[in-house]
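Each remark here refers to the structure printed beneath this line.
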Amino acid sequence: MELDKTEQRLLLIELLLDNSSLTIEDLSKRCATSTRSIYRSIEALKGAGFHITNNKTVYCIEADSPFIQRITNKVRFTSSELSIISKLLERADQNNTQIRNLKLKLRNVYGMQFIEEIQVNRQEIKNTQALFHAITNRRTVILHGYYSPHSKSMSDRVVEPYKFLLNNIEIRCYELSSKTNKNFKISRITGEVEVLDRKWENKTKHVDVYTDIFGFSSEKQHRITLRMGYLSTRILMEDFGVDESEIYKENEKYNLISLKVCSFQGITRFVLGLSNDIEVLGNAEFKAHLNEILQNLTKRGF
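The opening residue of the sequence shown carries number 310 in our numbering; numbering runs sequentially from there.
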């Protein structure tokens with residue numbers, strides 16, 4: 310479908326936001342136009358005040374572009390507004406699926422500004438705020454006095470933080486010294502998080518990490534399809550926050566769902582605990598994993 314110039318320009322802005330992989334050729338295909346037109350549009354956006362960086366043929370609009378900042382400020386909640394929402398949600402029924410989903414969305418969008426019902430000290434809150442600021446503005450930070458339980462030592466880590474994990478307990482970062490992506494526990498930062506006046510330089514090396522509904526994280530995901538009865542369906546919705554729209558009603562008795570999981574551990578507990586109400590339709594690797602567990606249990610006996 311051919312897009313008019315305005316639609317192409319708006320689509321290009323959307324694609325360039327947080328872009329880390331789409332090349333000029335990819336952008337031209339998505340926008341249904343020539344690569345020459347894409348280059349002209351990028352130059353026009355620069356002229357309009359958009360901050361655009363590029364790594365060879367991969368272009369990206371920076372979040373600190375004035376237009377993006379103005380739009381963001383209009384749709385984002387302020388800290389005081391989030392504080393009020395947080396207090397209201399704390400008083401609501403924590404077993405309500407919609408309440409949990411709303412809290413999850415607020416965590417994903419605002420990071421630390423919506424803090425879980427956990428005991429945290431002032432230093433952790435301050436560090437979490439600094440990390441959120443660094444992610445928003447794509448800044449490098451120093452984690453002063455980060456404690457490593459493996460080496461039983463503390464050291465300063467220079468990192469590019471880019472994603473909160475596990476309800477803001479961990480932060481996903483690219484560490485400059487080791488040139489690898491790592492997860493750091495915020496509680497292990499014994500000093501302060503120092504936000505440097507240094508922008509990310511390794512965005513294309515940031516490898517995203519996923520967290521599944523069972524709380525496990527990984528850089529890779531496995532898709533698993535289940536046929537479930539009423540009981541397992543309700544538990545999946547009420548205990549793990551799965552929305553009803555993600556579940557397909559096969560017939561009056563059974564429902565189908567296709568889940569992406571980061572580890573077989575969480576879903577294994579779910580499936581084995583409700584084995585009389587669940588049938589695994591896919592994938593083959595997960596079926597083999599379950600069969601191996603059942604064989605080991607049979608050999609051990611009870």
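Note that the Cβ used here is the ideal one computed from N, Cα and C, for glycine as well.
- In terms of CA proximity to V589, L565 leads the group E601, I602, L565.
- I533 sits close to I576, with the two beta carbons spaced by under 8 angstroms.
- If only uninterrupted beta strand (DSSP E) runs of at least 3 residues are considered, those enclosed by the region 485-539 are 489-494, 502-508, 531-537.
- DSSP places L331 in the coil class of the three-state scheme, outside both helix and strand.
- Judged by DSSP in its simplified three-state form, V580 adopts helix.
- Residue range 448-457 is occupied by the beta strand (DSSP E) that includes H453.
- By the C-beta density criterion, Y368 is buried, having at least 16 other C-beta atoms within 10 angstroms.
- Counting C-beta pairs with one atom in each stretch, the region 544-556 and the region 596-607 have fewer than three that are closer than 8 angstroms, which means they do not touch.
- Three or more beta-carbon pairs drawn from the region 507-516 and the region 467-485 are found closer than 8 angstroms, and the two stretches are therefore classed as touching.
- Between L505 and T449, the C-beta gap is smaller than 8 angstroms, which places the two residues in contact.
- According to the DSSP assignment, Y563 belongs to no alpha helix (DSSP H), since it is labelled neither H nor E.
- DSSP places N592 outside both helix and strand once states are collapsed to three, so it counts as coil.
- In this structure, the beta-carbon distance from I347 to S337 falls below 8 angstroms.
- Between the alpha carbons of I522 and L583 lies a gap of roughly 17 angstroms.
- By alpha-carbon distance to T366, the top candidate from R447, E334, S462, F573 is E334.
- If you compare the alpha carbons of Q574, G538, S567, K569 with that of E561, the shortest gap goes to G538.
- Put simply, of A341, T332, I434, L319 the residue whose alpha carbon is nearest the alpha carbon of I377 is L319.
- Around the beta carbon of I434, fewer than 16 other beta carbons lie within 10 angstroms, which makes this residue exposed.
- N364 sits in a strand when the DSSP states are folded into three classes.
- Restricting attention to S464, K529, Q574, the CA atom closest to the CA of E501 is found in S464.
- Between L321 and F493, the alpha-carbon positions lie close to 34 angstroms from each other.
- In terms of Cβ geometry, S329 and T513 form a close pair [threshold 8 angstroms].
- The Cβ atoms of K569 and Q530 lie closer than 8 angstroms to each other.
- Counted as a single uninterrupted DSSP element, the stretch harbouring E469 is not any alpha helix (DSSP H) but the beta strand (DSSP E) occupying residues 462-474.
- The continuous stretches of alpha helix (DSSP H) do not include A372, and DSSP gives it neither H nor E.
- Annotation for S343: S337 place their beta carbon closer than 8 angstroms to its own, counting only its chain and skipping 5 residues before and after.
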